[in-house]
Amino acid sequence: MSPETKLTYVTLLADPSIHPKYESALKQVEADFGKHHPMIINGRKVLAGEGEFDVRSPLDTKILLGYFQKGTAQYARKAIGAAKDAFEEWSGRPWMERVRIIRKASDLMEEDRFQLAALITYEVGKNRYEAVAEASEAIDMLDYYADLMEQNDGYVKPMKPGAPGETSKSVLRPYGVWAVISPFNFPLALAAGMVASALVTGNTVVFHPTSAAPLSGLKLYETLVNAGVPTGALSYVTGPGESFGEEVTGNLDVAGIAFTGSKDVGMKLYRDFVNMQPYPKPFIAEMGSKNPAVITSKADLEKAAEGVVRGAFGYSGQKCSATSRVYVERGIKNDFLKILKDKVDHLKVGDPRDKDAFVGPVINEKAVKKYHRYLELAKKDGGKIVAGGGLPEDKKLSKGYYVKPTVVVGLPSNDRL
C-alpha cells in the first residue's frame, strides 16, 4: 500500500474523502446479500447435507446477509486431503512467485477496499472509520508477510563455514497443511494475516471463518484465488466450529493450527492437538486479554479519559486490545471519573452506517445476554454503575444488538470482572 493510503483511526477522522466512497460501497455490497453460499473445497463448490445457517446483520437483524453451509467434520477432512495433495506443488514453487501472488491479492483488495469496509460494517457492526481501517489493515497484512519473505530471501541464508571446504546454509521449510480459524471481531484483517503468512511460506491452508462473519472470509478466499493461489492450496469451510475443531486437532495430516478467539475454545483446541497428535506440532493462538490503563496524578486527565474511552468502547469493546479496567491514583479519582463519565455519556450509540456513530452493536444476542449478566454480577459484587448500564432509549436501534457503554466503580481488584 502506498504511504498516502496507510490509514489509522485518527487519520480517517480527518479525511473527508472516505465518506462518499464508503456510502457508495454500502449500496454496492447490498446486492450480494441474501444469497446461498457453498463451501469451496479443492476448487469445487460443496453443499453440506446437514443444511445451511443464516447470517443476519447485528446492526439490524432484518438484514439477511446470506446462507452458509453447515459443514461438519467430513468436509474438513476432504479439505485437509486436498491441501495435503496440493502441498508438494505449492511449496515447490519459487518463493518469489508466491510473493507475487500475495502482492497481487493485496492489489485486488486495495481496489475493493471500501466495498470490503462496507461489508465489515454490515457483518460485524463496525463504524465506518473502524471498518475502513480494518480493510486497510488486511491489505497491510498481505504486504507485510510478502515483505518478510523478500527481506529474508525466502528464509534460505548462507552461513559461515565451520571447517575449510564446508558450505553451510540455514533453510526454513514449510510445515504442510495448516488449519486457520478466524474470529468475528476482525473477520478480514486477522484472517488475512493468518492465511497469507501460511501461504506465502509455502504451506497450504484449510480456512474456517467464524460463523458470525463468514462472508468476509469468503471475500478473502476469492481474492486470494483470483490472485493465483491454487484451489487445492486453499479451501473455505464453514459450519459448526466444534466439529471442525475436532477434525483438525485429531487429523494426522494437519501440520499446524492458527487460531484467534476465546480462551476457552483456544485452550481446548490446544490440549486436544497436543494429546491427539503423535509428536509436537505448532499451535499459534491469540486468546484475548484484560488490559489495564494506569492513571497517575501527573497525567493530563482530559487526554487520559479520551484515551480510555476510545480504548474501552471502540468497536463496543469487542477486541483483545480493549481497555477493560482502569487503575486511578486515589487523589485524582473523583476528578478523572467526572471527566470519564461525561465522555461516556456523550458517546453516540447508533447505526454504524451513520457518519457520527461511534459505538455500534455487539455481535449477537448471546453478547447482549452476556452484557446483562455482567451488569448483574457487577451489582452483586458491590460495584456501582456510574455511566451506561442497559439498552439505548432510541427505538430505531431495537432491531439490532445495541447496548450502552458502561463504567463500573468499586469492584475489588480480585473480582471476576
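Residue numbering for the sequence shown is 9 to 425, as defined by this note's numbering.
All C-beta atoms, glycine included, are put in the ideal place defined by N, C-alpha and C.
Fair warning: this is a prediction, and the values are worked out from it, not measured in the lab.
Nearest-angstrom beta carbon gap, residue j and residue i [assumed within contact, 8 Å]
i, j, result
"G258", "M275", "So it is not a contact: roughly 16 Å between Cβ atoms."
"Y75", "H27", "Actually they do not touch by this definition, with Cβ atoms about 32 Å apart."
"I147", "R111", "Contact flag wrong, Cβ pair sits at about 10 Å."
"P113", "T212", "Here residue 113 turns out to be Ala, not Pro, going by the sequence shown. With 8 Å as the limit, A113 and T212 do not qualify as a contact, their Cβ atoms being about 16 Å apart."
"V357", "P400", "5 Å"
"W98", "P238", "6 Å"
"M47", "Y83", "6 Å"
"K298", "S332", "5 Å"
"P195", "I128", "7 Å"
"A263", "G170", "Their Cβ separation, rounded to whole angstroms, is 30 Å, which puts A263 and G170 out of contact at 8 Å."
"A206", "L150", "The Cβ separation is near 12 Å, so there is no contact."
"L73", "R64", "6 Å"
"V214", "V245", "6 Å"
"V416", "I393", "6 Å"
Proximity below 7 Å, CB of residue i to CB of residue j
i, j, result
"K78", "G247", "yes"
"A126", "A220", "no"
"Y323", "K134", "yes"
"L277", "F267", "yes"
"S243", "A87", "yes"
"P66", "G296", "no"
"G391", "G368", "no"
"L425", "A386", "yes"
"V352", "A301", "no"
"Q326", "N193", "yes"
"Y153", "V208", "yes"
"I293", "A94", "The sequence as given places Ala at residue 293; Ile does not occur at that position. The answer is no: Cβ separation not under 7 Å."
"R85", "E255", "yes"
"S305", "T80", "no"
"S187", "I265", "Sequence inspection shows Ala at residue 187; the Ser mentioned does not correspond to that position. Yes, they are a contact pair."
"I49", "A91", "no"
"A313", "L355", "no"
"A197", "E131", "no"
"I303", "F344", "yes"
"Q159", "V37", "no"
Reduced DSSP category for residue i - H, G, I as helix; E, B as strand; rest coil
i, result
"S332", "strand"
"M9", "Residue placement at M9 cannot be trusted, given a pLDDT of 49 that sits under 50; the coordinates are not used to answer."
"L72", "strand"
"V411", "coil"
"L405", "helix"
"Y244", "strand"
"E60", "strand"
"V282", "helix"
"S65", "strand"
"M47", "strand"
"F95", "helix"
"N449", "Because the chain spans 9 through 425 in this model, residue 449 falls outside it and cannot be assessed."
"K443", "This structure does not reach residue 443, given that the chain is present from 9 up to 425, and the question cannot be answered."
"F291", "strand"
"A313", "helix"
"A307", "coil"
"P28", "helix"
"Q77", "strand"
"A457", "Look at the range of the chain in this structure, 9 to 425, and you will see that residue 457 is not part of it."
"A39", "coil"
Check: residue i C-beta below 6 Å from any heavy atom of the ligand ZN
i, result
"S305", "This structure simply doesn't include the ligand ZN, nor any ligand for that matter."
*Please list the segments of the beta strand (DSSP E) lying wholly inside the stretch 352-402, counting only runs of 3 or more residues, in order along the chain.*
392-395
_the stretch 221-230 / the stretch 167-180 touching (three or more Cβ pairs under 8 Å)_ = no
*Contiguous beta strand (DSSP E) assignments of at least 3 residues, all confined to the stretch 108-177*: 164-167
_Complete runs of the beta strand (DSSP E) confined to the stretch 216-272 [at least 3 residues]_ = 242-244 and 262-268
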